[in-house]
Amino acid sequence: MFAVNEYVIYGSNGVCQIKDICTPPGVEGDRKYYLLNPIYLKGTTIYTPVDNIKVIMRSIISREESERLISRIPSIDVTWISNDKAREASCKQAIGTGDYVEWIKVIKAMVHKKREQHGLGKKLRQSDERLLSSASENLHGELAIALDIPKEEVEEYIENRIGQYE
Numbered sequence: 000m001f002a003v004n005e006y007v008i009y010g011s012n013g014v015c016q017i018k019d020i021c022t023p024p025g026v027e028g029d030r031k032y033y034l035l036n037p038i039y040l041k042g043t044t045i046y047t048p049v050d051n052i053k054v055i056m057r058s059i060i061s062r063e064e065s066e067r068l069i070s071r072i073p074s075i076d077v078t079w080i081s082n083d084k085a086r087e088a089s090c091k092q093a094i095g096t097g098d099y100v101e102w103i104k105v106i107k108a109m110v111h112k113k114r115e116q117h118g119l120g121k122k123l124r125q126s127d128e129r130l131l132s133s134a135s136e137n138l139h140g141e142l143a144i145a146l147d148i149p150k151e152e153v154e155e156y157i158e159n160r161i162g163q164y165e
């Protein structure tokens, strides 16, 4: 069980802070729920049962784990999937796992392809841009909290440590 004020990753909502463990207004019985406030979705409140197994919910990584993860980025292997539909399905599944290594794989694959396309005078497909954005939002949101820096500074922080995602 998580504690009040703890930061967690909750499904596709990204980083949330647990504001309370309670029974929501209008809900009968004594089943307990987490009251979550998504950090990057202002004005949003989520109630989820403490025993919910349908949506991935986990603690965010520590500062030390974040530093180790950033150091590992260059050694994380990725494979480009040529088939557009298969790539999109695979990336959506990877993003949905809530696993930051999977997010990095998506980011690295998309950044590499984006640079390749740019060199040819082309752009990345719109669906690939959305996947890159989604994976980046998730990873950078979690690392921002773990490293105690603004989310907008995470990419620069990573580049200062390891260079670009490649």
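Counted from 1, the sequence shown has number 11 at position 12 by numbering that gives the first Met the number 0; the numbering is strictly sequential. Each residue gets a CB set at the ideal place from its N, CA and C atoms; glycine is no exception.
Fully contained in the region 91-120 are the following alpha helix (DSSP H) runs of length 4 or more, in chain order: 99-118. Residue state for residue 73 is assigned as helix, using DSSP reduced to three classes. For the pair residue 77 and residue 104, the CB atoms are nearer than the 8 Å cut-off. When the five nearest sequence neighbours on each side are left out, the beta carbons in the same chain lying within less than 6 Å of the beta carbon of residue 87 are those of 126, in order along the chain. With contact defined as three or more Cβ pairs closer than 8 Å, the region 64-83 and the region 44-54 are not in contact. Here the alpha carbons of residue 132 and residue 99 stand approximately 14 Å from one another.
Spanning the alpha carbons of residue 25 and residue 153 requires a straight line of approximately 40 Å. Sorting 20, 18 and 14 by C-alpha distance to the C-alpha of residue 39 places 14 at the top.
Boundaries of the alpha helix (DSSP H) harbouring residue 142: 125-146, taken from the DSSP string. Judged by DSSP secondary structure, residue 57 falls within the beta strand (DSSP E) whose first and last residues are 56-58. Only residues of its own chain outside the window of five on either side were considered, and among them 146 and 148 have a CB closer than 7 Å to the CB of residue 156, listed in chain order. Non-local C-beta neighbours of residue 96 in its own chain, meaning closer than 8 Å and more than five positions away in sequence, comprise 55, ordered along the chain.
Secondary structure of residue 153 (DSSP, three-state): helix. The alpha-carbon separation between residue 84 and residue 129 amounts to approximately 14 Å. Collapsing the DSSP output to three states places residue 36 in a strand. Residue 81 and residue 109 have their C-alpha atoms spaced approximately 12 Å apart.
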